[in-house]
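Residue numbers (my numbering), protein chains in the order written: chain A, 1 to 193; chain B, 1001 to 1193.
I have placed the structure first, in the form of structure tokens, so that the comments after it can refer back to it.
2 protein chains.
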Amino acid sequence: MSPTYCGLVHYPVLDRSGDEVTTSVTNLDVHDIARSSRTYGLCGYFVVNPIDAQHPVVEKIIEHWSTGAGVKRFPERTEAIGLVRVARSIEQAIADIRHREGTSPRLVGTSARNGVDRISYAEERARLRAETRPTLLLFGTGHGLSPRVLQACDAVLAPIEGPTEFNHLSVRAAVAITLDRLFGTKERSNNPI
Amino acid sequence: MSPTYCGLVHYPVLDRSGDEVTTSVTNLDVHDIARSSRTYGLCGYFVVNPIDAQHPVVEKIIEHWSTGAGVKRFPERTEAIGLVRVARSIEQAIADIRHREGTSPRLVGTSARNGVDRISYAEERARLRAETRPTLLLFGTGHGLSPRVLQACDAVLAPIEGPTEFNHLSVRAAVAITLDRLFGTKERSNNPI
């Protein structure tokens, strides 16, 4: 099984008009994605943001829930928040994983848009089970990962689809659903479809 | 197919010690769950909160994204936020659905805890497709729906499980995963498991 990490990318991502921008850290992104990562057995969660001024925001959240007032009241949040790392860039997250695992991770991108060579969740699920190299799953904030990030990925997952044409899930919801599709257990095996 | 609604319940829910409490409305709960509900084709999303002072919070969010400054910048949020309704109680949400659909809804509860007679997602998925009555899916804030709500439900879904023992997903993540398990399309059919 591939030791799997996720990264929430604040740069380079697109804005509404398709320009590359840097987005800001959102408090609940740190919490929600840490809790989903912990539930589905990920080895770490990187908040990828190049702006130095944003790092204390994340570090303050980590500190509050690791050593501060949060520990006694919500011990399960301490456990989840222990997965969170700050990285200045995707490259820095890759270097961190290489340092921990001894090998560079396979990069798996996500997108709300269709494109050529998108892989299915079933394929990636099988791949993760066969793979010994680590994997880094990348999620974009704003209007999604820049095309140059997707091009640099080893694989890009198909968009999450419901029965409607609406494809504007929050990134927190998209991460939760993606992890459930890749790592969800038990109930999945009852699914007759 | 059953016209399906969801309700985010702020009362009666449990706190950490198992006492019944009322929780407060969280801005991102309104947005994230509206976007997930819209993606998976729900007919409406009830924010269930008995405290009058909390209603303007939700109404202000609805107004901002329906007619205010939000419409031009984020038209897709307007579409999602159109599903949101405020209800004082679960009973009021039921009455609202009965008024719209002509029949009272089947109540389906959710819980992060196991219990007797939990149904699988596969069973509920099949049921929703066979059912003509409307369905109301209930999600608890805080530490989950009060046992008396679960007892009043026609069915309660099994807890969402990953490969770990950690069962502290955010309610936003739990709603997203539940809707994907019940209404997710296409990719699901590729799943070999």
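Where a beta carbon is used, it is the ideal one built from N, C-alpha and C, also for glycine.
Secondary structure note for residue 1183/B: its alpha helix (DSSP H) is the uninterrupted segment 1171-1183. Contact between residue 1142/B and residue 1013/B holds, since their C-beta atoms are separated by about 4 Å, short of 8 Å.
A Cβ-Cβ separation of about 5 Å places residue 43/A in contact with residue 3/A under the 8 Å criterion. Residue pairing by DSSP places residue 7/A opposite 46/A and 138/A in a beta bridge.
Remark: C-beta atoms of residue 86/A and residue 58/A approach each other more closely than 7 Å. Interface annotation for the region 1160-1171 of chain B against chain A: 1160, 1161, 1162, 1163, 1164, 1166, 1167, 1168, 1169 and 1170, criterion Cβ-Cβ distance under 9 Å. With respect to the 7 Å criterion, residue 80/A and residue 127/A are not classified as neighbours on the basis of their beta carbons.
By the rule that beta-carbons nearer than 7 Å mark a contact, residue 44/A does not touch chain B. Per DSSP, the unbroken alpha helix (DSSP H) holding residue 1058/B starts and ends at 1055-1066. Residue 1073/B is classed as exposed because its beta carbon has fewer than 16 other beta carbons within 10 Å across all chains shown. Sequence-distant partners of residue 1118/B (beyond 5 residues in either direction) whose C-beta falls short of 6 Å from its own C-beta, in its chain, are 1156 and 1158. Residue environment: residue 1130/B is assigned as exposed (fewer than 16 neighbouring CB atoms within 10 Å of its CB, all protein chains considered).
Between the alpha carbons of residue 1064/B and residue 1028/B lies a distance of about 14 Å.
Counting only the Cα atoms, residue 1125/B lies some 17 Å from residue 184/A. With respect to the C-alpha of residue 179/A, the residue from 53/A, 110/A and 82/A having the closest C-alpha is 110/A. Residue burial is scored here from C-beta neighbours: residue 24/A has fewer than 16 other C-beta atoms within 10 angstroms and is therefore classed as exposed. Judged by DSSP secondary structure, residue 85/A falls within the beta strand (DSSP E) whose first and last residues are 84-87. Note on geometry: alpha-carbon atoms of residue 1031/B and residue 1016/B lie some 25 Å from one another. For residue 1001/B, the CB contacts under 7 Å within the same chain, skipping 5 residues up- and downstream, are 1128 and 1129 in chain order. With a threshold of 16 other beta carbon atoms within 10 Å, residue 53/A falls short and is exposed.
The beta carbon of residue 1028/B falls within 7 Å of a beta carbon belonging to chain A, placing the residue at that interface. Annotation: Cβ neighbours of residue 1080/B in chain A (cutoff 9 Å, chain order): 166 and 168.
Distance between residue 1112/B and residue 1170/B, taken at the CA atoms: about 10 Å. Collapsing the DSSP output to three states places residue 155/A in a strand. Taken in chain order, the members of the region 1054-1087 of chain B whose beta-carbon sits within less than 9 Å of a beta-carbon on chain A are 1073, 1074, 1076, 1077, 1079 and 1080. Of the candidates 1083/B, 1122/B, 1010/B and 1167/B, the residue whose Cα lies closest to the Cα of residue 1051/B is 1010/B. A residue is called buried when at least 16 other Cβ atoms come within 10 angstroms of its Cβ; residue 1068/B does not meet this threshold and is exposed.
In the DSSP assignment, residue 108/A falls within the unbroken beta strand (DSSP E) covering 106-109. Chain-ordered listing is empty here: chain B has no CB closer than 7 Å to the CB of residue 89/A, the nearest sitting near 26 Å. Rounded to the nearest whole angstrom, the C-alpha separation of residue 89/A and residue 95/A is 10 Å. Within the region 1091-1121 of chain B, those residues whose Cβ lies closer than 7 Å to any Cβ of chain A are, in chain order, 1120 and 1121.
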